[in-house]
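Read through the structure below, which is laid out as structure tokens, and then see the notes.
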Amino acid sequence: MAGALVRTMVTAGRAAFQGDGMRRRVLAVTLTLATLIGALPVAGSLWIAWENARRVETDLLIRATREMLTRSERLQEDATRALAAMAAVPVGDACTPAGLARLRTAAFASRGVREVGVVEEGRVVCTGAGRLDSPMPLPLPDMSVGDMRIWYDRLPPGLDDSARAASRTTVIARGPYAVFLDTEQIYDLVLAEPRVVLSMVALGTGQVLGVRTRPERAILSDMVDRFRNQTEPEAIRLGDRLVVAATARDGTAMALASEPVSVVIETWREQALLMGLPGLASGGLIFWLIVTLVRRGDTMGARIRRGLARGEFRVVYQPIVRLADGACLGGEALVRWQQRDGSMISPDRFIPVAEAEGLIERLTDEIIEHVFADLGKFLAARPSVWIAINLSASDVESDRVRGRLDRLRKTHGVAAAQIVLEATERTLIDARRAQSSMRSFRDAGYRLTIDDFGTGYSSLAYLATLPVDGLKLDKTFVDGIGSGSAADDVMGHILSLAATLGLDVAAEGVEHQAQADYLIARGVTYGQGWLYARAMDGNAFCGYVDGHLPAAPLANRRRA
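First residue of the sequence shown? That's 51 in my numbering, and the numbers climb one at a time after it.
Below is the structure:
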């Protein structure tokens, strides 16, 4: 682009200064200065783009190594728990029907344990599945830690050859009992970049404990020597790969994540195009035209991906009040996107794109993490306060969200009933599939509501088929209050059905007291809108809730 600008300037300069030697010399000086002025900012921008691209990709690898170490530690805890459970079983009874039942129970109780077996004279003679026709021999252990013996990258017993080849496992034995761990869990990460190589290496022996895409042996040996005492992830370039390594807290293993440097270059090219344009500011109108063309080619989906990688999304909270007395019972988590230039992008623009391009799950996960980081301690200390989180169709239909919520709740001491999950009517258009998915959330203790009810494609009878606690009227109904429009009649039918089903109703977009009075008179329990409070950051929300808590304990009602 800098070269094109210079050529344009040369053409214009020749036309302006033709036939005048002095002017030609001025033109040469002007073009030289223009080249230098244009090249220096561009060079600086390209360097910044490179550093930023390297940081984005390094952060991806750092997150991967941390997650692998976390999962590895969780597997070790599962193994210890299973072995402790079997310690009380006499080894002579271990392969009896009752003992086999205990083996199965110990394996079932630990998510990361595939099987629990009995070791006699260096051979596995039985597992929870029964006595082995051919006992499985165990060689000398790869490592011993205290009274534990460890074998890495072993084939589990009782599977055919094709299944065994895809099911490598780590075996940990204490006394006569051994556990076969599902080490594939360590590497089963959802990564945006498929060329990432993941591996765990034993520091004592340099042995590969497990991989996702087998790395080069030279990388492993060099990393073991270089990062033996490195507990925090650190990135280096090794050959044509960017490598991040970190050791486990107990110093027994190291997690590695690497990707080709070409991935960083690809990211750099994307960002260099954007960062290099400011260096051409002297181009005036040409600069503006180029920026416009580049921005047209910069899709919203790509911008969302970069925004997620850069942490540009944040969460604000709008209080939800009890209409009868204005008491604040909780709030709704709302996502906001402020780009690096300070400009805001409306959720109405980026949410549909995120759903269409498969990015909504990453965005939902980001929102959930923000909610617990902002409000985890606050909610744990106030068990009557709840927060509503919006879910997409893919969120409702997967177990991912429930697993993340369960983990974060337990970490912060928050009850499931304090989390209200909101799904739009359009999200739940497949009623039969929605019933099963939503019931699993209900069984786990979460509250469920239908957001923007009345704007979808279903009949009112559809509401009775879903296991929900309440519904939220769309703002269009509130805006139409008192207008005598058909929306008034529809809202009346919705409120009547909700009352019949025993559901609480919330209204969003309440901006005037007359609207609140109208809703109260028709039995609407909760409301949110500018009449009460606008969306605010976590600290302000906590202060608002504490200043508007109910004077008396809340009735044990379902929440909308």
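Even for Gly, the Cβ is constructed at its ideal location relative to N, Cα and C.
Model, not experiment: these values are computed from the prediction.
- Counting the other Cβ atoms within 10 Å of the Cβ of SER393 gives fewer than 16, which makes it exposed.
- Residue environment: THR550 is assigned as exposed (fewer than 16 neighbouring CB atoms within 10 Å of its CB, all protein chains considered).
- When C-alpha distances from LEU425 are compared across ASP445, ALA383, LEU96, the shortest belongs to ALA383.
- Around the beta carbon of ASP524, 16 or more other beta carbons lie within 10 angstroms, which makes this residue buried.
- The beta carbon of HIS462 sits closer than 6 Å to the beta carbons of PHE422, GLY426, ALA430 from its chain, once the five residues preceding and following it are set aside; these are given in chain order.
- Cβ atoms of LEU150 and GLY178 come within 8 Å of each other, at about 6 Å.
- Residue state for SER442 is assigned as coil, using DSSP reduced to three classes.
- In the DSSP annotation of this structure, PRO147 is not part of any beta strand (DSSP E); the continuous alpha helix (DSSP H) holding it starts and ends at 147-158.
- A residue is called buried once 16 or more other Cβ atoms fall within 10 Å of its Cβ, and GLN368 is buried on that count.
- By the C-beta criterion, the stretch 239-254 is judged not to be in contact with the stretch 142-149, since fewer than 3 inter-stretch pairs fall below 8 Å.
- Contact between PRO517 and LEU498 holds, since their C-beta atoms are separated by about 7 Å, short of 8 Å.
- In this model, ASP493 and TRP580 are separated by some 34 Å (Cα to Cα).
- Of the candidates ARG457, GLY453, GLU123, the residue whose Cα lies closest to the Cα of SER490 is GLY453.
- By the Cβ rule, the stretch 565-585 does not count as touching the stretch 351-358, because fewer than three pairs are nearer than 8 Å.
- Nearest to LEU458 by C-alpha distance, out of ILE417, ALA473, GLY142, SER434, is ILE417.
- In the structure shown, PRO397 falls within a helical segment according to DSSP collapsed to helix, strand and coil.
- The residues PHE527, GLY530, in chain order, have a CB closer than 6 Å to that of ALA537 in the same chain once the five nearest residues on each side in sequence are set aside.
- Annotation: LEU551 is outside any beta strand (DSSP E); the continuous alpha helix (DSSP H) that includes it extends over 536-551.
- Within its own chain, the residues whose Cβ lies closer than 6 Å to the Cβ of ARG386, once the five positions on either side in sequence are excluded, are ARG364, VAL366, listed in chain order.
- Counting only runs of at least 4 residues, the stretch 354-416 fully encloses the following alpha helix (DSSP H) elements, listed from N- to C-terminal order: 397-406.
- If you look at GLU165, you'll find it in the beta strand (DSSP E) that goes 163-170.
- A distance below 6 Å between beta-carbons, with the five flanking residues on each side excluded, links ALA135 to the following residues of its chain, in chain order: ALA156.
- The beta carbon of ALA585 is closer than 6 Å to those of VAL366, GLN368, LEU384 in its chain, skipping five residues each way along the sequence.
- Exclusion of the five residues before and after GLU405 leaves SER442 as the residues of its chain whose Cβ lies within less than 6 Å of its Cβ.
- Within the model, the alpha-carbon separation for GLY573 versus ASP501 is close to 18 Å.
- Counting only the Cα atoms, VAL446 lies some 10 Å from GLN485.
- Beta-bridge annotation (DSSP): CYS592 is not paired with any residue.
- When rounded, the separation of the alpha-carbon atoms in MET193 and VAL175 is 22 Å.
- When the beta-carbon positions are compared, GLU107 and LEU292 come within less than 9 Å of each other.
- For the set GLY542, THR297, ALA590, the Cα lying nearest the Cα of ALA114 is the one of THR297.
- Annotation for GLU284: the continuous beta strand (DSSP E) segment containing it runs 284-288.
- Per DSSP, LEU324 has no beta-bridge partner at all.
- Counting only the Cα atoms, LEU153 lies some 22 Å from ASP203.
- Rounded to the nearest angstrom, the gap between the Cα atoms of ARG372 and VAL229 is 53 Å.
- Here GLU165 is buried: its Cβ has 16 or more other Cβ atoms, across all protein chains shown, within 10 Å.
- In this structure, the CA atom of ALA571 is about 57 Å from the CA atom of PRO244.
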